[in-house]
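Residue numbers (UniProt numbering), protein chains in the order written: chain A, 1 to 262; chain B, 1 to 262.
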């Protein structure tokens with residue numbers, strides 16, 4: 001299997017950098033082909049601006065990002081750095097996002113990667129809009145058939161991210177990425193691999209986490225994905241995209257209603 | 001009142017840029033002093049890296065961001081661009097974040113602003129850690145006494161972001177910013193001002209939204225904030241920071257349990 005990893009941490013000697021090395025080594029030992037985009041090392045340009053559309057936008061005129069993005073994507077005029085990332089992404093059957101300290105810190109380069117690489121026609125804006133189909137999104141899209149998984153570290157404890165924890169449940173914190181971005185583009189999303197309290201992690205903690213990560217990666221082809229509801233297959237009223245009454249579990253609210261429980 | 005606005009959109013002629021102009025004009029007409037950080041125009045360096053700590057980190061050695069950030073903040077060695085933003089932020093009694101198309105696009109520069117400006121000692125890591133107090137955070141912190149409000153636009157409709165909408169309720173989508181970032185640093189958070197479906201917005205739609213925005217800003221001193229629960233005042237078990245049993249409304253789950261209902 002071809003695996004594509006996006007990594008966004010300034011320090012390769014960090015906990016995250018070490019997890020990345022474990023990931024690459026483990027996947028290769030299983031016979032997978034691995035490609036890594038190391039956004040800091042690549043000096044990835046994070047912000048989207050008119051320099052992204054040199055052939056499809058006239059400098060100094062009003063920039064309408066979606067329109068310029070569509071013109072550039074369909075006319076094969078995106079910038080080379082973006083095209084390369086789209087190709088790496090397309091090639092991989094498995095896409096892995098390594099996102100350190102998700103909530104407040106570090107992830108800006110990855111955010112900028114998404115803004116630029118998931119152009120109109122690639123990450124959004126595809127498919128037909130009819131009475132029974134509201135675009136190819138949430139379970140359908142250009143990236144259908146790929147699996148994705150977030151590997152991340154957070155400073156807080158597992159309790160801080162538990163059902164009653166003050167930071168919110170970890171799956172809610174990750175929802176706008178797992179569901180709003182990865183599942184949105186058609187990818188199948190595996191449960192995230194999260195390490196807590198890495199700020200004070202010892203070598204022993206790292207070794208334990210590395211072992212857990214290797215075990216997870218061994219099962220990567222069979223891990224059960226998060227069972228998000230697809231948009232265009234009967235569960236939602238269209239075009240409002242609201243979940244039909246009665247499909248959720250009793251008492252379920254918020255993000256949870258968009259996940260099918262066993 | 002002194003108002004500080006952080007703006008992160010590549011195009012001043014955009015819907016967002018026009019809302020910014022309305023905001024500045026309206027606030028000034030009410031006698032407020034307004035300062036704007038226009039991150040694209042300032043060529044804001046988004047990513048945090050070793051160049052952020054020239055005096056407190058030795059190039060080429062392992063970068064530990066929190067430690068380097070603390071040393072730089074407490075030793076007055078942060079870079080000038082970061083110090084200037086911290087000062088603008090400190091000066092304002094009201095902080096306004098204008099975030100276009102929040103979920104997937106555009107906001108990377110703002111994310112990078114937060115990563116760098118909210119350094120240890122400023123945005124996190126302050127206060128004592130005892131059995132009854134887990135740091136100055138969630139309702140306490142350096143930015144206590146300030147009010148904050150998000151002004152944002154999204155491509156989806158109001159239904160897409162409703163209680164049963166596929167994107168998730170708008171207040172859940174904004175929770176990691178409103179609660180996890182703004183309230184976390186001690187700020188009081190006002191309900192966000194959100195414009196939906198701006199991609200296809202006509203001049204008439206803009207004028208309506210501009211009018212609503214002006215009305216909102218007129219009441220800025222009296223708008224009821226989102227009533228998030230403070231961390232260190234009895235509602236949470238410490239240090240796990242889990243909400244004590246029975247405080248939420250019956251059936252409430254997810255992010256909602258952290259908001260006190262009337």
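From the three backbone atoms N, C-alpha and C, an ideal C-beta is built for every residue, glycine too.
Point to revise | Cβ separation of residue 114 (chain B) and residue 89 (chain B), assumed to be a contact under 8 Å, to the nearest whole Å | key: Rounded, the Cβ-Cβ distance is 11 Å, inconsistent with contact.
**Study point:** Unbroken alpha helix (DSSP H) run spanning residue 29 (chain B), endpoints
**Key:** 15-29
Practice item. Return the first residue and the last residue of the alpha helix (DSSP H) that residue 265 (chain A) is part of. Key: Residue 265 (chain A) lies beyond the stretch modelled for chain A, which goes from 1 to 262, so this question has no answer here.
Review point. Could you check where the beta strand (DSSP E) with residue 73 (chain A) kicks off and where it finishes?
Key: Taken as a continuous stretch (DSSP letters only), residue 73 (chain A) belongs to no beta strand (DSSP E), being part of the alpha helix (DSSP H) at 65-74.
Check your understanding: When the cut-off is 8 Å and only beta carbons count, does residue 38 (chain A) lie next to chain B?
Key -> no
Practice item. Give a yes or no on whether the minimum CB-CB distance between residue 172 (chain B) and chain A is below 8 Å. Key: yes
Check your understanding: In chain A, which residues lie less than 8 Å from residue 92 (chain B) when you measure between Cβ atoms?
Key -> Those within 8 Å of residue 92 (chain B) in chain A number zero; the least Cβ separation is about 20 Å.
Point to revise | Rounded straight-line distance, which links the Cα of residue 160 (chain A) to that of residue 169 (chain A) | key: 8 Å
Exercise for review: Label residue 37 (chain B) either buried or exposed according to how many other C-beta atoms from any shown protein chain fall within 10 Å of its C-beta, with 16 as the threshold for buried.
Suggested key: buried
Check your understanding: Where does residue 147 (chain A) sit, in a helix, a strand or coil, going by DSSP?
Key -> strand
Exercise for review: Assess, as a yes-or-no matter, whether the region 34-51 of chain B is touched by the region 217-224 of chain B under the definition of 3 or more beta carbon pairs within less than 8 Å.
Suggested key: no
Point to revise | Distance between beta carbons of residue 158 (chain B) and residue 124 (chain B), contact taken as under 8 Å | key: With a Cβ gap of about 33 Å, residue 124 (chain B) and residue 158 (chain B) do not count as contacting.
Exercise for review: Would you list, in chain order, the members of the region 112-140 of chain A that have their beta-carbon closer than 8 Å to a beta-carbon of chain B?
Suggested key: 112, 114, 115, 118, 123, 124, 138
Check your understanding: Is it true that the CB of residue 66 (chain B) sits closer than 8 Å to the CB of residue 120 (chain B)?
Key -> yes
Review point. Does residue 86 (chain A) get closer than 8 Å to chain B when you measure Cβ to Cβ?
Key: no
Check your understanding: Is residue 13 (chain B) closer than 8 Å to residue 62 (chain A) when the C-beta atoms are compared?
Key -> yes
Check your understanding: The alpha helix (DSSP H) spanning residue 166 (chain A) covers which residue range?
Key -> Per DSSP, residue 166 (chain A) belongs to no alpha helix (DSSP H) and is neither H nor E.
Review point. Using the beta-carbon count (16 or more within 10 Å), is residue 258 (chain A) buried or exposed?
Key: buried
Review point. Would you report the Cα separation of residue 5 (chain B) and residue 236 (chain A), rounded to the nearest angstrom?
Key: 38 Å
Check your understanding: Taking only beta-carbon atoms, is residue 236 (chain B) less than 8 Å away from chain A?
Key -> yes
Review point. Are the beta-carbon atoms of residue 153 (chain A) and residue 15 (chain A) separated by less than 8 Å?
Key: yes
**Study point:** Chain-ordered chain A contacts of residue 162 (chain B) [CB-CB under 7 Å]
**Key:** 242
Review point. Any C-beta of chain B sitting closer than 8 Å to the C-beta of residue 166 (chain A)?
Key: yes
Point to revise | Assumed close pair residue 130 (chain A), residue 162 (chain B) - CB separation to whole angstroms, cut-off 8 Å | key: Going by Cβ atoms, the distance from residue 130 (chain A) to residue 162 (chain B) rounds to 22 Å, so no, they are not a contact pair.
**Study point:** Beta carbon of residue 214 (chain B) nearer than 8 Å to that of residue 64 (chain B)
**Key:** no
Review point. Taking 8 Å as the CB-CB limit, is residue 152 (chain B) close to chain A?
Key: no
Review point. Residues bridged to residue 37 (chain A) by DSSP?
Key: A:6
Point to revise | Three-state class that DSSP yields for residue 257 (chain A) in the structure shown | key: helix
**Study point:** Contacts around residue 2 (chain A), its chain only, beta-carbon distance under 6 Å, and the 5 residues preceding and following it disregarded
**Key:** 33, 91, 92, 93
Review point. Can you check whether the CB of residue 107 (chain A) is closer than 8 Å to the CB of residue 147 (chain B)?
Key: no
Check your understanding: Considering only the beta carbon of each residue, do residue 19 (chain B) and residue 210 (chain B) sit closer than 8 Å?
Key -> yes
Exercise for review: Label residue 69 (chain B) either buried or exposed according to how many other C-beta atoms from any shown protein chain fall within 10 Å of its C-beta, with 16 as the threshold for buried.
Suggested key: buried
Exercise for review: Within the same chain, show all residues whose beta-carbon is closer than 6 Å to that of residue 55 (chain B), passing over the 5 residues directly before and after it, in chain order.
Suggested key: 77
Point to revise | Listed by chain order, chain A residues near residue 169 (chain B) by CB distance under 7 Å | key: 254
Point to revise | Burial state of residue 251 (chain A), where buried means 16 or more other Cβ atoms lie within 10 Å | key: exposed
Check your understanding: Which residues in the same chain as residue 239 (chain A) place their Cβ atom closer than 6 Å to its Cβ, once the five residues preceding and following it in sequence are excluded?
Key -> 134
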